[in-house]
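Asks: Quick one: the structure is below, questions incoming.
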Amino acid sequence: MRQPLHDWTLTPQQAIDLQRHLAPRAERSDRLGEVHIIAGVDIGFEDDGTTTRAAVVLLSWPELVPIEEVVHREPTRMAYIPGLLSFREIPAALRAFERLSQSPDLVMVDGQGIAHPRRLGVASHLGLWLDLPTVGVAKKRLCGGHGEVPEPRGEWTPLTDRRRKEDPADVALDAEGRVTIGAMLRSREGVKPIVVSPGHRISQTTALEWVIACLGRTKLPEPTRLADRLASRRGQRFKHERMQGELGIGE
DNA sequence: GCGACAG
DNA sequence: ATCTTGTCGC
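For the first sequence, the numbering used here begins at 11 and goes up steadily by one.
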C-alpha cells in the first residue's frame, strides 16, 4: 500500500485544485513487471445511495480465473459530481484492497484514467494511492471526442481532447492540435464501444493491449465485468436463486 | 452564456 | 449508480 497523499473530505474546489496538483504525478510510461495477477475494481450503491459497496476481484493471468474477491461496505461520503468521482469511490476501494491477501500486478478500474478534464480520473487517482499500474475502463465518455469506431471486435479509434493546462508541456499533438487521452474500443460487435485510458504507470498502447487481452465475449473485460457483478450484487442474487432452485423452494 | 457531464 | 420483465437477436 502507500502513504496518504491527502485528506478525502474536501470542498469541490479544493478537490479540483488537488487534481491539478496530482495529475502530473501519474506516470504515463510503462513500469509493468511480469503480470501474474490482474485486479478488477468497481463500486456500487445500496439503500438509495446511502451505502457504498466496493468490490475487488483478483484474476490469474493468463487463465483469467477469479482467485480472490473482497466486498467492503461503508457509509457514502459525498454526492456524485462529474469529474470528482474518485473522491466518492476511492475511500471504500482502498478498504477493500487492504483486505486482499496479495497484491495485483495490474488493476482495471471502472471509470476513466487520464480521459478526464484534469487528466486525473478515478483510475489514475487510485493508481497513485496504491502505487500500482492502473487502466481505466469506462462504459461512457466523460470528455473529448472521436470519430466512428469500426464495427469488428477489437477495432478502436483514438479519443482526443483539446489541450488543457494539466497536460505536460511536451504532449504530442495530432494534426488538429489535439491530445490523445484514450481509445474507444469495440469490445464486442453490435455494442457501444468502451473507453480505455491509461491510469498510472502504464502507456496508452500497453493499456489498450491488456484490455483487449482480457476480453471475453462480453462488452467488458473480465476483471471489470466480475467486479461489476460483485459491486452491483448480481453475483449473489444469481447464486441465491440457484440455491432456492436446488432446494425446491421459491416459485 | 450554452451544452456536456465517468458512476 | 439505482428502480425493473420481458423480449429481440446472435
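Note that beta-carbon positions come from the ideal geometry of N, C-alpha and C, so glycine has one too. These numbers come from a predicted model, not from an experiment.
1) Would you tell me roughly how many angstroms separate the C-alpha atoms of Leu225 and Gly137, rounded to the nearest one?
2) Measuring CB to CB, does Ala25 end up less than 8 Å from Leu94?
3) Which stretch, first to last residue, makes up the alpha helix (DSSP H) that contains Pro22?
4) If I measure Cβ to Cβ from Gly157 and keep anything under 7 Å in the same chain, skipping five residues before and after, which residues do I get?
5) What number of angstroms, rounded off, separates the C-alpha of Arg163 from the C-alpha of Leu15?
6) Looking only at DSSP bridge pairs, what is Val66 linked to?
7) Can you tell me where the beta strand (DSSP E) with Pro168 in it begins and where it stops?
8) Per the contact definition of three or more C-beta pairs closer than 8 Å, is the segment 100-111 in contact with the segment 37-45?
9) I'd like to know whether the C-beta atoms of Arg105 and His135 end up nearer to each other than 8 Å.
10) Have a look at Pro114, Ala33, Leu68, Pro85 and flag the residue whose alpha-carbon is nearest the alpha-carbon of Asp58.
11) Rounded to whole angstroms, what's the CA-CA distance from Thr1 to Ile191? Just pull it up for me.
12) Assuming Val147 and Val119 make a contact with CB atoms under 8 Å, what is their CB distance in whole Å?
13) Restricting to Cα atoms, I'd like to know which of Gly155, Leu69, Trp71, His210 is closest to Pro34.
14) So, helix, strand or coil for Phe248, using DSSP?
15) What's the gap between the Cα of Gln29 and the Cα of Arg128?
16) Identify the residues that DSSP records as bridge partners of Met118: which are they?
17) To the nearest whole angstrom, what separates the beta carbons of Leu236 and Pro76, a pair I think is in contact under 8 Å?
18) Taking DSSP as the reference, what is the three-state secondary structure of Glu108?
19) Quick one: what's got a C-beta closer than 7 Å to Ile91's C-beta in the same chain, skipping five residues either side?
20) Output the distance between the C-alpha atoms of Ala36 and Arg244, rounded to the nearest integer angstrom.
21) Under 8 Å by Cβ, that's how I've got Ile100 and Val67 pegged, so tell me the actual separation to the nearest angstrom.
22) Hey, quick one: how far does the beta strand (DSSP E) through Gly131 stretch, first residue to last?
23) Which two residues bound the contiguous alpha helix (DSSP H) that contains Thr215?
24) Terminal residues of the continuous beta strand (DSSP E) containing Pro208?
25) Within the continuous beta strand (DSSP E) that includes Leu195, where are the two ends?
26) Just how far apart, CA to CA, sit Leu116 and Ala49?
Replies: Looking at the coordinates:
1) Our two residues, Leu225 and Gly137, have alpha carbons roughly 22 Å apart in a direct line.
2) It is a contact, given that the beta carbons lie within the stated cut-off.
3) Start and end: 22-32.
4) Thr167, listed in sequence order.
5) Answer to the nearest angstrom: the Cα atoms are 39 Å apart.
6) Val66 pairs with Val51, Val80.
7) That run of the beta strand (DSSP E) goes 166-171.
8) By the criterion of at least three beta-carbon pairs nearer than 8 Å, the segment 37-45 is not in contact with the segment 100-111.
9) Cβ distance not < 8 Å, so Arg105 and His135 don't count as in contact.
10) When each option's Cα is compared against that of Asp58, the closest is Pro85.
11) Outside the shown range of the chain, which is 11 to 261, sits residue 1, and nothing can be said about it.
12) With a contact defined as Cβ atoms closer than 8 Å, Val147 and Val119 qualify at about 7 Å.
13) Per the Cα distances, His210.
14) Any reading at Phe248 needs caution, since the residue's pLDDT is 43, under 50, leaving its predicted position unreliable; the model's value is listed next. The answer is helix: DSSP assigns Phe248 an H, G or I state.
15) Going by the C-alpha atoms only, they are around 7 Å apart.
16) BP columns for Met118 point to Gly50, Val145.
17) Confirmed, Cβ separation roughly 6 Å.
18) Looking at Glu108 - three-state DSSP - the assignment turns out to be helix.
19) Contacts found: Pro22.
20) When rounded, the separation of the alpha-carbon atoms in Ala36 and Arg244 is 33 Å.
21) Actually they do not touch by this definition, with Cβ atoms about 17 Å apart.
22) DSSP places Gly131 in no beta strand (DSSP E); its state is neither H nor E.
23) In the DSSP assignment, Thr215 falls within the unbroken alpha helix (DSSP H) covering 214-223.
24) Pro208 -> beta strand (DSSP E) spans 204-210.
25) Unbroken beta strand (DSSP E) run through Leu195: 189-195.
26) Cα-Cα distance, rounded: 6 Å.
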